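Engineer:
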Amino acid sequence: MTNLDKGDTAPDFTLLDQDEHPVSLSDFRGRRVILYFYPAAQTPGCTTQACDFRDSLASLQGAGYTVLGLSRDIPEKLRAFRDSDGLTFPLLSDPEHTVHEAYGAWGEKQNYGKTVTGVLRSTFVIDEDGNIVEALYNVKATGHVARLRKTLGLAAA
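With the first letter of the sequence shown counted as 1, position 95 gets the number 95 in full-length UniProt numbering; the numbers rise by one all the way through.
Put into structure tokens, the structure is as follows:
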């Protein structure tokens with residue numbers, strides 16, 4: 001897998017959201033996007049991260065960003081995740097991990113001392129023209145949104 005870097009064109013995609021509506025990255029041309037990849041809905045770390053994005057959403061949107069979460073979960077599980085945690089941004093389904101691979105968010109990682117292949121928790125900031133502004137790999141769930149806000153020069157939420 002090749003990692004993306006600042007200045008690269010963000011790979012376009014069309015995936016189903018939690019309500020089984022198709023969402024394409026190209027739908028957001030002209031807007032800035034925060035696209036984050038997480039391992040699995042309704043797990044402790046992923047819930048912490050999603051709720052951090054939810055709690056910062058108004059200020060991120062106020063700064064001109066659209067947030068999109070992306071995992072391998074099927075839409076039905078994403079709906080349950082949205083409903084149980086009051087998530088107010090699109091959650092996208094990539095069960096075949098094709099988009100994960102295109103972004104370098106799929107590969108080998110350490111899990112409890114074992115090498116496994118899976119989702120690499122990653123976040124991408126994409127500008128209005130569809131180019132990568134920030135490519136953050138192997139991020140931690142806890143505190144990630146606060147660090148991202150600092151990277152983007154945004155005040156604390």
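Where a beta carbon is used, it is the ideal one built from N, C-alpha and C, also for glycine.
Remember, predicted model here, so these are calculated numbers, not experimental data.
For a test of the three-state rule: what should DSSP assign to Thr48, helix, strand or coil?
Structural biologist: Taking the first residue of the sequence shown as 1, we reach residue 48 at position 48. Thr48: helix per DSSP, three-state reduction.
Engineer: Using 8 Å for Cβ pairs, my map puts Leu57 next to Thr98. What's the rounded Cβ distance?
Structural biologist: Residue numbering aside, residue 57 sits at position 57 when the sequence shown is read from its first letter. Residue numbering aside, residue 98 sits at position 98 when the sequence shown is read from its first letter. Leu57 to Thr98, Cβ: 27 Å. No contact.
Engineer: If you run the structure through DSSP and keep just helix, strand and coil, what is Ala135?
Structural biologist: On the sequence shown, position 135 is the one that residue 135 refers to. If DSSP states are grouped into helix, strand and coil, Ala135 belongs with the strands.
Engineer: Mind listing, in chain order, the continuous alpha helix (DSSP H) runs of no fewer than 4 residues lying wholly within the UniProt domain "Thioredoxin" (4-157)?
Structural biologist: List check, alpha helix (DSSP H) in window: 44-62, 75-85, 98-102 and 144-151.
Engineer: Is the distance from the Cβ of Leu4 to the Cβ of Phe13 below 8 Å?
Structural biologist: Mapped onto the sequence shown, residue 4 falls at position 4. Mapped onto the sequence shown, residue 13 falls at position 13. No. Outside cutoff.
Engineer: Less than 8 Å between C-beta atoms, sequence neighbours within five positions excluded: which residues of the same chain meet that for Arg73?
Structural biologist: Indexing the sequence shown from 1 puts residue 73 at position 73. In the sequence as presented, Arg is not what sits at residue 73; that position holds Asp. Contacts found: Ala40, Ala41, Phe81, Leu91, Ser93 and Pro95.
Engineer: State the Cα-Cα distance for the pair Val133 and Pro22, rounded to the nearest angstrom.
Structural biologist: Reading the sequence shown from its first residue, position 133 is the one you call residue 133. Reading the sequence shown from its first residue, position 22 is the one you call residue 22. For Val133 and Pro22, the distance between alpha carbons rounds to 25 Å.
Engineer: Taking the alpha-carbon positions, what's the Asp129 to Gly118 distance?
Structural biologist: Counted from its first residue, the sequence shown places residue 129 at position 129. Counted from its first residue, the sequence shown places residue 118 at position 118. Their backbone Cα atoms lie some 29 Å apart in a straight line.
Engineer: Just mark Asp27 as buried or exposed, buried being the case when its beta carbon has 16 or more other beta carbons within 10 Å.
Structural biologist: Locating residue 27 in the sequence shown gives position 27, counting from the first residue. By the neighbour-count rule (16 or more Cβ atoms within 10 Å), Asp27 is not buried but exposed.
Engineer: Nearest-angstrom Cα distance between Val116 and Ser122?
Structural biologist: Here residue 116 corresponds to residue number 116 of the sequence shown, with the count starting at 1. Here residue 122 corresponds to residue number 122 of the sequence shown, with the count starting at 1. Straight-line Cα distance between these residues: approximately 17 Å.
Engineer: Taking a contact to mean a Cβ-Cβ separation below 8 Å, would you say Cys51 touches Tyr38 in this structure?
Structural biologist: The residue you call residue 51 lines up with position 51 of the sequence shown. The residue you call residue 38 lines up with position 38 of the sequence shown. Going by C-beta atoms, Cys51 is not nearer than 8 Å to Tyr38.
Engineer: Skipping 5 residues on each side, what residues in its chain have a beta carbon closer than 8 Å to that of Lys77?
Structural biologist: Within the sequence shown, numbered from 1, the residue matching residue 77 stands at position 77. Excluding sequence neighbours, Lys77 sits near Ala41 and Gln42.
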